[in-house]
Structures are given as structure tokens and as C-alpha cells.
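Chains as they are written, first to last, in our numbering: chain A, 226 to 305; chain B, 226 to 305; chain C, 4 to 141; chain D, 4 to 141. Quick reminder that beta carbons are idealized off the backbone N, C-alpha and C, glycines included.
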Amino acid sequence: MHLKILAFGIARDIFGGSQTVVEIPENATVSGLKTQLEAKYPRLQKLASYMIAVNDEYAQPGQTLSATDEIAIIPPVSGG
Amino acid sequence: MHLKILAFGIARDIFGGSQTVVEIPENATVSGLKTQLEAKYPRLQKLASYMIAVNDEYAQPGQTLSATDEIAIIPPVSGG
Amino acid sequence: MIDIQLSEKPLDVKTCLDWVMDPACGGIDVFIGTVRNATKGKEVLRLEFEAYERMAIKELQKICENALVKWPIHRISVHHRTGVLQVGEIPVIIAVSAAHRAAAFDACRYLIDTLKETVPIWKKEVFADGEVWVAAHP
Amino acid sequence: MIDIQLSEKPLDVKTCLDWVMDPACGGIDVFIGTVRNATKGKEVLRLEFEAYERMAIKELQKICENALVKWPIHRISVHHRTGVLQVGEIPVIIAVSAAHRAAAFDACRYLIDTLKETVPIWKKEVFADGEVWVAAHP
Numbered sequence: 226m227h228l229k230i231l232a233f234g235i236a237r238d239i240f241g242g243s244q245t246v247v248e249i250p251e252n253a254t255v256s257g258l259k260t261q262l263e264a265k266y267p268r269l270q271k272l273a274s275y276m277i278a279v280n281d282e283y284a285q286p287g288q289t290l291s292a293t294d295e296i297a298i299i300p301p302v303s304g305g
Numbered sequence: 226m227h228l229k230i231l232a233f234g235i236a237r238d239i240f241g242g243s244q245t246v247v248e249i250p251e252n253a254t255v256s257g258l259k260t261q262l263e264a265k266y267p268r269l270q271k272l273a274s275y276m277i278a279v280n281d282e283y284a285q286p287g288q289t290l291s292a293t294d295e296i297a298i299i300p301p302v303s304g305g
Numbered sequence: 004m005i006d007i008q009l010s011e012k013p014l015d016v017k018t019c020l021d022w023v024m025d026p027a028c029g030g031i032d033v034f035i036g037t038v039r040n041a042t043k044g045k046e047v048l049r050l051e052f053e054a055y056e057r058m059a060i061k062e063l064q065k066i067c068e069n070a071l072v073k074w075p076i077h078r079i080s081v082h083h084r085t086g087v088l089q090v091g092e093i094p095v096i097i098a099v100s101a102a103h104r105a106a107a108f109d110a111c112r113y114l115i116d117t118l119k120e121t122v123p124i125w126k127k128e129v130f131a132d133g134e135v136w137v138a139a140h141p
Numbered sequence: 004m005i006d007i008q009l010s011e012k013p014l015d016v017k018t019c020l021d022w023v024m025d026p027a028c029g030g031i032d033v034f035i036g037t038v039r040n041a042t043k044g045k046e047v048l049r050l051e052f053e054a055y056e057r058m059a060i061k062e063l064q065k066i067c068e069n070a071l072v073k074w075p076i077h078r079i080s081v082h083h084r085t086g087v088l089q090v091g092e093i094p095v096i097i098a099v100s101a102a103h104r105a106a107a108f109d110a111c112r113y114l115i116d117t118l119k120e121t122v123p124i125w126k127k128e129v130f131a132d133g134e135v136w137v138a139a140h141p
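This is the structure:
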């Protein structure tokens with residue numbers, strides 16, 4: 226399936242835009258997505274950390290993804 | 226010597242005015258003043274505590290007093 | 004830098020904030036006391052504050068100087084009201100600016116805690132059926 | 004009671020204070036973030052804030068609800084700025100009212116500490132010779 230991934234902060238710089246699209250097997254997990262993103266964008270591995278959010282909530286590594294989810298990459302936050 | 230004692234808060238109510246005058250031996254101490262004040266105004270003994278200030282500073286019990294000092298009775302403070 | 008005021012007129016938060024703001028600061032912590040409508044379940048009509056003014060200013064100056072020694076903070080503003088205050092009015096404002104927020108929080112809390120212990124200011128609570136000097140009796 | 008706002012326009016402390024004030028409250032603690040002119044000794048020209056807005060509001064709502072469970076506080080107002088901020092401008096205001104001050108201080112500090120850890124908002128520091136997303140790299 227195609228997944229659209231929203232990007233913010235430094236992830237937007239790394240993706241070169243506010244979103245990217247990845248092709249990933251049905252029932253892929255958050256971990257699987259991270260592996261694929263890091264292959265496509267090796268600079269992600271240099272971040273202090275990053276999370277994946279699914280439908281506006283931080284997601285667990287084993288959580289499965291669906292094409293209808295709103296998925297975002299959350300680099301280290303720095304609000305306040 | 227005569228000492229004028231300024232009063233604030235509940236001490237003003239106890240003295241019945243914003244000051245009182247006591248007659249006390251030369252070189253009397255803060256402790257001696259407290260004893261005399263408590264004899265004259267027994268309600269002072271019911272307070273949670275009270276301090277004597279001399280020239281705008283909290284005074285120690287053994288400190289001696291002079292007629293030219295500005296002396297005040299400081300009942301428990303409750304600002305803020 | 005320390006700004007201390009005792010005033011019979013209503014206090015203004017913005018005045019304190021403008022005073023402590025500083026381009027080298029990353030955070031400001033402000034404590035604002037307000038007159039509550041009840042104490043121990045009993046309705047409060049108003050508060051009356053009285054200060055031994057010269058000594059109060061001297062004690063406030065001391066605790067502000069202590070705070071500047073204890074924490075890496077930039078500026079402190081302490082304004083305290085005297086006279087009659089209605090419910091919702093502001094008896095005290097303490098604003099502290101610092102490069103980093105932890106120092107601002109710690110110093111602000113120290114200042115209000117110590118003010119309430121040592122500064123010669125007294126507060127009378129007035130109820131429908133009487134009045135009481137706060138903290139006077141055990 | 005919780006008031007959360009993300010805004011591209013300058014934040015106003017009085018708006019937050021008016022919202023948290025309550026006749027049952029004896030104290031308000033307010034944290035105000037300000038843009039510092041330097042970080043690690045290097046001059047900062049401006050900051051740029053970006054938020055994942057819907058998620059940021061959801062996370063802010065969660066931490067405010069946690070604070071209301073953990074401490075006896077009355078009202079919380081959290082306003083966070085987005086966009087470009089100059090030195091001296093205010094990225095965040097957090098105001099907490101409570102009957103007693105300890106809860107207001109503790110909750111306010113928890114809120115800013117947790118906001119900085121979990122809420123999806125990002126800040127870029129812009130210097131004369133470059134720019135950096137804060138906290139992005141180890």
C-alpha cells in the first residue's frame with residue numbers, strides 16, 4: 226500500500242517537503258515503516274530520536290498501519 | 226527610661242492604639258521589654274508568637290535597648 | 004536588579020512583567036496572590052492589609068538579595084498592596100526573570116514563601132459576623 | 004477548566020490571567036517563555052516555531068487533564084505561539100490558578116516541563132551564519 230507521511234521540523238528538511246509517500250506491505254508496523262524511511266532518508270538515523278504518530282497519537286513500534294491512517298513523523302520536539 | 230513601642234496588626238488592637246509607652250530601666254533588653262509588655266497586656270501571651278524590631282530589624286532577646294531606638298512589636302506576619 | 008513597591012493602589016501585572024523582561028532571559032515566573040471568597044469554608048467579605056512600611060521594604064530587599072545570590076536570575080519585581088481589598092483583587096505580585104526556567108520557578112517560590120514568613124505585613128479577614136488577624140493565634 | 008490556544012499572533016498575558024482568575028482562588032502561577040538573544044553564547048536573530056497543530060492541541064489537552072487530576076487546581080490556560088518570533092517575544096504562556104499556591108506552582112512547572120517533552124511543536128534558532136532545529140541532534 227501507499228502511505229503518505231507528514232513531516233515537521235527537521236524531518237521536513239530531510240524529506241525536502243512537508244510529506245513523502247512510501248510503498249509498504251499491507252499490515253506493516255510502525256517499526257517496518259521506520260526501517261523503510263531510514264533506508265530512503267539515511268539522515269533520519271542521525272537524529273537524537275524520532276517517533277511516529279498515527280491519527281494524532283504517538284504510536285507503539287508494533288502497531289500496524291493502514292492506508293487510511295494519518296501518519297506523521299515526529300522528530301525531537303522543542304516547543305516552549 | 227521611657228520607650229515608645231509601635232504596634233501593628235493585632236498588637237494595635239491589644240494596645241488600643243498604634244503605640245504604647247513603657248517605663249523600663251536603662252540598658253533593658255528585648256526580653257525585659259517583652260516581660261513588661263506581657264505584664265501590661267496579658268493578651269500578648271495568647272499570640273502564636275511575636276517579635277520585637279529595633280530600628281527596622283528583628284532584634285535578638287539579649288539585645289539592649291536605648292531611648293533613641295525605634296522599637297516595634299511584630300505579631301505573626303501574614304502578608305501575601 | 005530589584006524592584007520593590009508597597010502601594011495602596013491596585014497592582015498591575017504588566018508593570019511587573021515589563022520591568023523583569025530582558026533580552027537575555029528565556030523565562031519568567033510570576034506569582035499573583037488573589038483574595039479568595041472563603042477561608043476554611045467561611046465567606047470572606049474583604050481583606051485589610053497593613054504594613055510596617057519601612058521595615059517591610061527592608062525585609063523585602065533582603066530576601067530579594069538572597070534570591071539573587073542563591074539562583075542565576077536576572078530581575079525581580081515584588082509589588083505588595085496595602086489597605087482594603089475586595090474578593091478577586093491582588094495583594095501581591097512577584098515576577099522573576101532568568102535565562103533558564105528552573106531558577107525563575109525556584110526563586111519565585113522562595114520569595115513568596117519567605118515573604119509570608121518574615122515581612123512585616125498583616126492581613127485581617129473580615130467576615131459577615133466578625134474579623135480575624137490571620138495567623139495571630141495558634 | 005482548560006483553555007488551550009495555538010496562535011500565529013502575539014500572545015497576551017492578561018488574556019490568560021483573566022481566564023484563570025476565579026473568586027475561589029488564592030493564587031496564580033504563570034510561566035512566560037521569552038525569546039532569548041543568545042544560546043550557548045551565540046547571538047540569536049529570531050526563532051521560528053512550527054506545530055503539528057491538531058496533535059499539539061490533543062497532547063496539550065492530555066497534559067492539562069493530567070495536571071487537574073494530580074493537583075487541586077482550578078483553571079489552566081496554555082497559549083503557544085507559532086511562526087516567526089523576534090527576541091523578547093513570547094512563545095508560550097502557562098497560567099494555573101488554585102486555592103493554595105503550592106499546587107499552582109507544581110502544576111505550572113509540570114505543564115511547561117511536559118510540554119517541552121511531548122507536545123509536537125518545533126523551534127528553529129536562526130543565527131547570522133545559519134540555523135538549527137533545537138534538540139534535533141544528540
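Can you check whether the C-beta of D:T121 is within less than 8 Å of a C-beta belonging to chain A? yes
Assuming C:G91 contacts D:P26 under a Cβ cut-off of 8 Å, what Cβ separation, rounded to an integer in Å, is found between them? 6 Å
Distance, Cα to Cα, A:G257 vs D:K119? 28 Å
Would you please verify whether the beta carbon of D:I5 is less than 8 Å from any beta carbon of chain A? no
Just how far apart, CA to CA, sit C:E62 and C:V137? 20 Å
If I measure Cβ to Cβ from A:A253 and keep anything under 6 Å in the same chain, skipping five residues before and after, which residues do I get? L290
So D:V90 contacts chain C; which residues on that side make the cut at Cβ distance below 9 Å? P26
Let me check one thing: in DSSP terms, what residues is B:Y283 bridge-paired to? B:A278
Give the DSSP bridge partners of C:A54, in chain order. C:I124
If contact means a Cβ-Cβ distance below 8 Å, which residues of the segment 31-65 of chain C contact chain B? G36, F52, E53, A54, Y55, R57, M58, A59, K61
Going by beta-carbon coordinates alone, are D:H82 and D:L14 separated by less than 8 Å? yes
Supposed contact pair D:G30 and C:T117 - C-beta distance, whole angstroms, cut 8 Å: Going by Cβ atoms, the distance from C:T117 to D:G30 rounds to 15 Å, so no, they are not a contact pair.
Opposite C:R84 in the DSSP bridges: which residues? C:S10
To which residues of the same chain is D:F109 closer than 7 Å at the C-beta, ignoring the five residues directly before and after it? Note on residue identity: the sequence assigns Asp, not Phe, to residue 109 of chain D. The residues are W74.
Have a look at the DSSP bridge pairing and note the partners of C:F130. C:G133
Opening and closing residue of the beta strand (DSSP E) in which D:V33 lies: 30-36
Just the chain C side, please: which residues come within less than 7 Å of B:S291 by C-beta, in chain order? Per Cβ cutoff of 7 Å: no residues; B:S291 is ~18 Å from chain C at best.
Find out if the Cβ-Cβ distance for the pair C:C67, C:I124 is shorter than 8 Å. no
Touch test, the segment 270-281 of chain B against the segment 291-305 of chain B, Cβ-Cβ under 8 Å, three pairs minimum: yes
Which residue comes first and which comes last in the beta strand (DSSP E) that contains B:K229? 227-232
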